[in-house]
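In what follows, a single structure is set out as structure tokens and then discussed.
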Amino acid sequence: MERLSLNDHPLPSPSNPHQQQMQQGPPTPGPPMVPQLPPQMFTTAASLLDLTDKKLMVQLRDGKKLIGVLRSWDQFGNLVLQNTILRHFSQGLYGDEPRGLQLIRGENILLMGEIDLDKEDDIPSPWSPANWEEVAMLEKQEAAERKEGDGRAVRRLRDLGFDPEHAGETVF
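With the first letter of the sequence shown counted as 1, position 129 gets the number 129 in my numbering; the numbers rise by one all the way through.
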């Protein structure tokens, strides 16, 4: 992917008469030419155009990590992933649960990125593959322990006079 900036000029195309006029000589009086942004500068759903038909990792707001091939998207950032897997992580293990075709609502996406196919099969040192059902069970146990610990913290704060229900709000 090219590294373009706002100062880079788009390449002239023969179908654009305004750019042809710019190449021929000094501009004639009229409205000033509006610079066009390269496609890499879009920050809306249109930026997904470059990622279509590529393998992505998508992390959702609830912590789930999905890996699949982006097949379609819309103006709201909703995604359709094909050959999707849900990757579970727990205690140095990971497992891939097959999910098939997934429709992901755009507002639930926390982050996403393209997967480098050359490094896809390289497993980082602290992780080792395991059966996804076992890893999912360990993941649920960790979540339950975390929830229990959060409950203890809330009770301690309540005993000290804090109200976690309205934390950060001004109550009059």
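Every residue, glycine too, gets a C-beta built ideally from N, C-alpha and C.
When DSSP reads this structure, Met112 sits in a beta bridge with Val58. DSSP, read as helix, strand or coil, puts Trp127 in coil. In this structure Gly68 is buried. Its beta-carbon is surrounded by 16 or more other beta-carbon atoms within 10 angstroms. Taking C-beta separations shorter than 6 angstroms and ignoring five residues to either side along the sequence, the partners of Asn108 in its chain run Leu60, Arg61, following chain order. Shown here, Leu79 sits in a strand according to DSSP, grouped into three states. Put simply, the backbone Cα of Val154 is about 42 angstroms away from that of Asp121. If you compare the alpha carbons of Gly92, Asn83, Asp116 with that of Gln102, the shortest gap goes to Asn83.
Here the region 142 to 153 makes no contact with the region 112 to 126; the two share fewer than three CB pairs at distances below 8 angstroms. The continuous alpha helix (DSSP H) containing Gly151 extends over residues 132 to 159.
As computed with DSSP, Glu97 is found in a beta bridge with Leu86.
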